[in-house]
Each structure stands twice: as structure tokens, then as C-alpha cells.
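K.L.:
Residue numbering for the sequence shown follows numbering that gives the first Met the number 0, starting at 0 and increasing by one per position.
Yeah, the Cβ is synthetic: ideal placement off N, Cα and C, and Gly gets one too.
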Amino acid sequence: MIVSKPKSQSVFALSLFLIIILGVTIWIILDLVRYPESYFILKLIMAPVLLVIWTYIVVNFYSSSKIIELGDNKISFKLPLQSKKSYKINDIRNWKEEKVKTKGNEFKEIQINLPNDRLRISNREHTSYEDVRKYLTKKVKRK
Numbered sequence: 000m001i002v003s004k005p006k007s008q009s010v011f012a013l014s015l016f017l018i019i020i021l022g023v024t025i026w027i028i029l030d031l032v033r034y035p036e037s038y039f040i041l042k043l044i045m046a047p048v049l050l051v052i053w054t055y056i057v058v059n060f061y062s063s064s065k066i067i068e069l070g071d072n073k074i075s076f077k078l079p080l081q082s083k084k085s086y087k088i089n090d091i092r093n094w095k096e097e098k099v100k101t102k103g104n105e106f107k108e109i110q111i112n113l114p115n116d117r118l119r120i121s122n123r124e125h126t127s128y129e130d131v132r133k134y135l136t137k138k139v140k141r142k
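1) Assign K62 to one of two classes, buried (16 or more other C-beta atoms within 10 Å of its C-beta) or exposed (fewer than that).
2) Taking 8 Å as the cut-off, does the stretch 27-45 touch the stretch 98-108 (at least 3 CB pairs, one atom from each stretch)?
3) Out of P35, E36 and I20, state which residue places its alpha-carbon closest to the alpha-carbon of P152.
4) The beta strand (DSSP E) with R119 in it runs from where to where?
5) Output the distance between the C-alpha atoms of N112 and K6, rounded to the nearest integer angstrom.
6) On the CB-based measure, 16 or more other CB atoms within 10 Å of its CB, does V51 come out buried or exposed?
7) According to DSSP, is V58 part of a helix, a strand, or is it coil?
8) Distance, Cα to Cα, E36 vs S64?
9) Could you give the DSSP three-state label for I27: helix, strand or coil?
10) CA-CA distance, V2 and R123?
11) So what's L69 in DSSP terms, helix, strand or just coil?
12) As a quick exercise: from I56, I88 and K83, pick the residue whose alpha carbon is nearest that of G70.
13) Going by beta carbon distance, what residues of the same chain come within less than 7 Å of V139, once the five residues before and after it are set aside?
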């Protein structure tokens, strides 16, 4: 059984960034209430902008933190706070691997299209990337 989950380094970095953004937003709102006469317009603009950025990152973080299991001719995944979804390996419509070369490394991402869902696994954010690629190459034809 191959299990691919988010790397702990990625989860820690995003969580720390989200805590910092939320802290700054709360600080701006409290400062706006305490001292409304100083930089009123700037604070009034920055608080909603930071909240929108924070919300966008939380939604992306939540949707990318899937735990994916491959094995026994099945693929299953689970989002936090949701039940596990399972599909047969034959239900995979297609999959493709994209590679982007950066200065020092190569960013790779696998997109798996299922009947009702789409999964993305990247080598920078998920564990067992190479095992997933080998399993898909062996069991599923690219379409």
C-alpha cells in the first residue's frame, strides 16, 4: 500500500504563514478600534485584503492536504474532516505528469482525473511521489 500525504515541512510553513497573517490582521483591526484617527484609510483597506488572502490560502491548503492511498487495484483519498472516497484503479479516466525546471531543481506534478474528482500530487508537497508515479505507470495507461 502506497500512502502519499502532505510533507510536514510544507504543513508547518503554511501554518506559520497563516498564523502570522491572522495575527497581523487582528492587530490592524484592534489598532483601528483603539486609534481610529491615525492611518484610518490604510487600516480600513489592509484588514479586508489580508482576510481575503488568509481565506484563499486556507481554502487552498485544505484542498491540497489530501491523504492518498494506492494499492490492491484501488485508489482512495481523504480530506480532513471528510469521509474517505475510494475508486477502482480502472475508474481513473487519465493521468498526466507535468515537469517544470527551475534554477536548481525540477518541480513535478501528477494530475489524476477520476469520475467526480481531480487529484494533484507534487514532489515538493507530498511524500511517496516516485512510488505513486511508478504505480500509475504500471497499472494505468496514460490517455
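P.N.:
In brief:
1) As a working note, residue 62 is residue 63 in the sequence shown. In the sequence as displayed, the identity of residue 62 is Ser instead of Lys. Label assigned to S62: exposed.
2) no
3) What the structure shows of the chain is the stretch from 0 to 142, and residue 152 is not part of that stretch, so it cannot be assessed.
4) Indexing the sequence shown from 1 puts residue 119 at position 120. Looking at the DSSP string, the run of the beta strand (DSSP E) that includes R119 is R117 to S121.
5) On the sequence shown, position 113 is the one that residue 112 refers to. On the sequence shown, position 7 is the one that residue 6 refers to. Going by the C-alpha atoms only, they are around 22 Å apart.
6) Here residue 51 refers to the residue found at position 52 when the sequence shown is read from its first residue. When all chains shown are included, V51 counts as exposed.
7) Mapped onto the sequence shown, residue 58 falls at position 59. Looking at V58 - three-state DSSP - the assignment turns out to be helix.
8) Within the sequence shown, residue 36 is the residue found at index 37, counting from 1. Within the sequence shown, residue 64 is the residue found at index 65, counting from 1. About 42 Å.
9) Locating residue 27 in the sequence shown gives position 28, counting from the first residue. Correct three-state label for I27: helix.
10) Taking the first residue of the sequence shown as position 1, residue 2 is located at position 3. Taking the first residue of the sequence shown as position 1, residue 123 is located at position 124. C-alpha separation (whole angstroms): 15 Å.
11) By one-based count along the sequence shown, residue 69 stands at place 70. Strand.
12) For the purposes of this step, residue 70 is identified with residue 71 of the sequence shown, where counting begins at 1. Of I56, I88 and K83, the residue nearest in Cα terms is I88.
13) Start at 1 with the first residue of the sequence shown, and residue 139 comes out as number 140. Only I88, I91 and W94 meet the Cβ criterion.
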